[in-house]
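Taking this note's numbering, the leading residue of the sequence shown gets 31, the next gets one more, and so forth. We put the beta carbon where it would ideally sit given N, CA and C, even for glycine. Have a look at the structure below before the remarks.
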Amino acid sequence: MVESQFPELPWRQDAGQADTLPSGWSAQDEGATPPPVSTSRLKRQAFEDWRDAQPPAIPSEDGKYQRQGVVGEGGMGVVLRVEDRDLRRVVAMKVLSRKNTSPEDMARFLREAQITGQLEHPHIVPVHDMGLNEAGEPYFTMKLSRGERTLRDVIGALHLGGAEEHARYPFRWRVELVRKLLSALSYAHKRGVVHRDIKPENVLIGPNDEVYLADWGIARVVEVEGTLGADAPDDDPVAGTGTPAYMSPEQAAGGPPSPRDDVYSLAALLYELLSLKHYLGVLPAQAPESILAALRKRPQQVPSAEGHWHALQGHVPRTLSRILARALAFDPAQRYASAEELDADLVRWLAGDCPVVCPGTALQRGISGWSKWIDRHPVLTPLLSYAALVVVLGFMVQGVLSVLR
């Protein structure tokens with residue numbers, strides 16, 4: 031069991047906590063126990079008051095951070111490029127917008143900041159600071175990588191680009207990138223955190239090929255596989271969300287969060303990164319309902335990634351296709367049990383070995399092993415060859431002499 035290291039989130043109260051007495055009940059009633067009263071109405075009113083207030087411009091030019099520009103905008107808020115005047119460095123600031131913001135959005139925003147802030151890993155975007163600006167809006171700052179792009183940008187470049195793009199992003203580069211993401215997931219899973227929204231848009235790539243797994247807004251804390259942690263009750267506002275195109279069948283069905291969901295999602299991402307096709311034959315931008323319908327009707331075995339041919343990259347290597355077939359198996363018991371297991375097979379592929387999941391390749395593995403042995407013994411190999419030749423010739427001569435007699 032992994033002890034949850036994430037404290038109870040401050041914006042959540044149990045539904046049974048009462049701030050006011052229900053109508054019809056009096057404290058003078060002897061032996062009476064007040065029935066539970068939900069505080070959701072009170073919390074929502076306070077939230078609406080916060081949302082509808084008129085904010086000043088953010089962030090304040092006179093404060094710690096000085097705005098330099100906008101990195102990007104989304105439905106929940108904006109990511110700004112700001113200068114930290116105290117440390118004299120440029121960082122990214124994510125600010126939750128008041129417009130069209132719900133209490134669930136607030137919960138997701140704060141969860142992302144708190145969870146990401148406690149995951150210190152080379153391939154997870156580090157969070158530096160968290161607080162409220164002068165408008166009372168929550169923000170957190172994180173590392174800003176200049177020239178950053180997403181994995182979706184890379185897939186798009188491979189789709190539309192020429193030989194230069196495919197030479198820049200060969201199969202080995204793509205596998206190495208996924209191994210970095212597996213390392214981040216392995217670290218998070220050991221701390222009891224499941225990401226639950228692995229997709230190309232949430233993978234950031236720096237100018238020197240730095241790789242970061244971002245957007246932990248719907249992550250869940252689990253104590254053991256399939257068991258919710260202390261800060262994730264069954265009525266969690268982020269439950270049941272995610273990106274259908276990369277969900278495991280269990281996650282799409284509303285099952286309890288599990289590290290295996292992340293491994294499945296990353297395998298779906300790797301399938302698309304290698305073959306430039308989605309493993310279900312859908313477009314990730316399709317309506318979620320149509321993708322979920324395709325997921326419910328998916329075959330026991332997904333189409334082989336090797337079957338997708340591209341003029342500039344050819345076929346996906348058979349061994350990688352076999353790895354993907356196992357990682358995306360319909361039965362969870364037949365898949366990789368952890369990020370470490372999938373990573374181990376990818377390491378073997380990079381080393382030139384065929385993982386055990388490949389049937390009918392014993393001869394290939396034998397030839398590969400014999401070739402490596404020859405390379406390691408350049409002097410002994412010809413001596414053994416001569417000795418074997420002498421033995422064979424000896425048997426042949428003996429056979430001829432026996433016939434002549």
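For residue i, the first and last residue of its enclosing beta strand (DSSP E)
i, result
"F170", "P168 to M172"
"R119", "R119 to L126"
"I145", "From DSSP, I145 is part of no beta strand (DSSP E) but of the alpha helix (DSSP H) over P133 to G147."
"L306", "Run containing L306: none; DSSP gives neither H nor E here."
"M160", "V157 to L162"
"L234", "V233 to I235"
"Y242", "V241 to L243"
N- and C-terminal bounds of the alpha helix (DSSP H) containing residue i
i, result
"A275", "It is not in any alpha helix (DSSP H) - A275 carries neither H nor E in the DSSP assignment."
"E178", "Premise fails: E178 is in no alpha helix (DSSP H) and is neither H nor E."
"V252", "From DSSP, V252 is part of no alpha helix (DSSP H); its letter is neither H nor E."
Contacting residues, own chain, Cβ-Cβ under 8 Å from residue i (five flanking each side not counted)
i, result
"V241", "H153, L207, K210, L211, V233, L234 and I235"
"Q364", "R356"
"L434", "none"
Residue burial classification, residue i (beta-carbon count within 10 angstroms, cutoff 16)
i, result
"F139", "buried"
"N238", "exposed"
"K129", "exposed"
"L354", "buried"
"M172", "buried"
"Q58", "Per-residue confidence for Q58 stands at a pLDDT of 48, beneath the threshold of 50, marking its modelled position as unreliable; no derived number is given."
"H308", "buried"
"A418", "exposed"
"L174", "buried"
"K327", "exposed"
"A24", "Missing from the structure shown is residue 24; the chain here goes from 31 to 435 and no further."
"S432", "exposed"
"F12", "An answer regarding residue 12 cannot be provided, because it is not within the stretch 31 to 435 covered by the chain."
Sub-9 Å separation of residue i and residue j beta-carbons
i, j, result
"Y276", "A357", "no"
"L215", "L296", "yes"
"D227", "D159", "no"
"F360", "P329", "yes"
"Q148", "R221", "yes"
"V120", "A244", "no"
"V108", "Q98", "no"
"L310", "A282", "no"
Cβ-based neighbour list, residue i, same chain, cut-off 7 Å, excluding 5 preceding and 5 following
i, result
"L304", "F201, R204, A335, V346 and L350"
"H340", "L306"
"L162", "P168"
"L188", "E195, H196, Y199 and L306"
"E255", "Its pLDDT being 48, under 50, E255 is placed unreliably by the model, and the measurement read from it follows with that caveat. Closer than 7 Å at Cβ, skipping near neighbours: S288 and P289."
"W246", "E142, I145, T146 and H225"
"P318", "P274"
Cut-off 6 Å between Cβ atoms - residues of its own chain near residue i, not counting five sequence neighbours on either side
i, result
"V268", "Residue confidence is low: V268 scores 46 on pLDDT, short of 50, so the model does not pin down where it sits. Its coordinate-derived value is still stated next. The residues are R138 and I248."
Contact test: residue i Cβ vs the ligand GDP heavy atom, cutoff 8 Å
i, result
"P314", "Looking for the ligand GDP in the displayed structure turns up nothing, as the structure carries no ligands at all."
Exercise for review: Could you pull out every unbroken alpha helix (DSSP H) segment of at least 4 residues lying fully inside the region 333-369, listed in chain order?
Suggested key: 348-357
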